[in-house]
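>
Residue numbers (the working numbering): 10 to 177.
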């Protein structure tokens, strides 16, 4: 079995995620549990991050899906393209970008930030939308955290983006 981040988009995808109680930012495709591990290896592998799903689908399925209603490009996708933690080596630099989810415009702000990271040579390793309590905020940001961080986190969800710079 081979795994990779599914990149596709269609009208209504975002609404389908919301109706199902799912977050666009909780893409855990790389968290694979192998129920029957082999002694010297894995029963699975990762697809290259440049892999297109269309090369793994039957031709008739691709022609039906690409009639203009579905896009398999990573650029317009509502779901961020993540590369997992161990797919390619990273440099020494790392960062955690935290977006405190507001009432409006958060998705556009996250997409803008992802575009800036991508254009600067960074790959998104993982992303997560979650609730944070005061203890978690202090553990991540330190004990002298600004009070507005705590207020924002209590008001709603927080989106964490973990990028890494590509080597080479």
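Glycine included, every Cβ here is placed at the ideal spot set by N, Cα and C.
Among residues of its own chain, excluding the 5 on either side of residue 55, which ones have a beta-carbon nearer than 8 Å to its beta-carbon?
To locate residue 55, count along the chain shown from 1; it is residue 46. Here the set comprises 11, 12, 13, 39, 93, 96.
> Which word fits residue 121, buried or exposed, when buried means at least 16 other C-beta atoms lie within 10 angstroms of its C-beta?
Mapped onto the chain shown, residue 121 falls at position 112. Under this definition residue 121 is an exposed residue.
> State the DSSP-derived secondary structure class of residue 6, mapped to helix, strand or coil.
In this structure the chain extends from 10 to 177, so residue 6 is not present and cannot be described.
> In whole angstroms, give me the CA-to-CA distance for residue 150 and residue 33.
Taking the first residue of the chain shown as 1, we reach residue 150 at position 141. Taking the first residue of the chain shown as 1, we reach residue 33 at position 24. Rounded to whole angstroms, residue 150 to residue 33 spans 24 Å at the Cα level.
> Near residue 119, which residues of its chain fall below 7 Å by C-beta distance, leaving aside the five closest residues on each side in sequence?
Working through the chain shown from its first residue, we reach residue 119 at position 110. Correct list, in chain order: 108, 168.
> Roughly how many whole angstroms lie between the Cα atoms of residue 18 and residue 63?
As a working note, residue 18 is residue 9 in the chain shown. As a working note, residue 63 is residue 54 in the chain shown. Cα-Cα distance, rounded: 13 Å.
> Less than 8 Å between the CB atoms is what I'm expecting for residue 244 and residue 16, so what's the real figure, rounded?
Because the chain is modelled from 10 through 177, residue 244 falls outside the range shown and cannot be assessed.
> So, are the CB atoms of residue 171 and residue 126 less than 8 Å apart?
The residue you call residue 171 lines up with position 162 of the chain shown. The residue you call residue 126 lines up with position 117 of the chain shown. No, the Cβ-Cβ distance between residue 171 and residue 126 is not below 8 Å.
> Check the C-beta distance from residue 139 over to residue 159 and give it rounded, since I have them as a contact under 8 Å.
For the purposes of this step, residue 139 is identified with residue 130 of the chain shown, where counting begins at 1. For the purposes of this step, residue 159 is identified with residue 150 of the chain shown, where counting begins at 1. Taking the Cβ atoms as the reference, residue 139 lies roughly 15 Å from residue 159, outside the contact range of under 8 Å.
> At which residues does the alpha helix (DSSP H) containing residue 163 begin and terminate?
Taking the chain shown and counting its residues from 1, the one referred to as residue 163 is at position 154. That run of the alpha helix (DSSP H) goes 156 to 164.
> Under 8 Å by Cβ, that's how I've got residue 88 and residue 36 pegged, so tell me the actual separation to the nearest angstrom.
Numbered from its first residue, the chain shown carries residue 88 at position 79. Numbered from its first residue, the chain shown carries residue 36 at position 27. Between residue 36 and residue 88 the Cβ distance is about 6 Å, and since that is below 8 Å, they are a contact.
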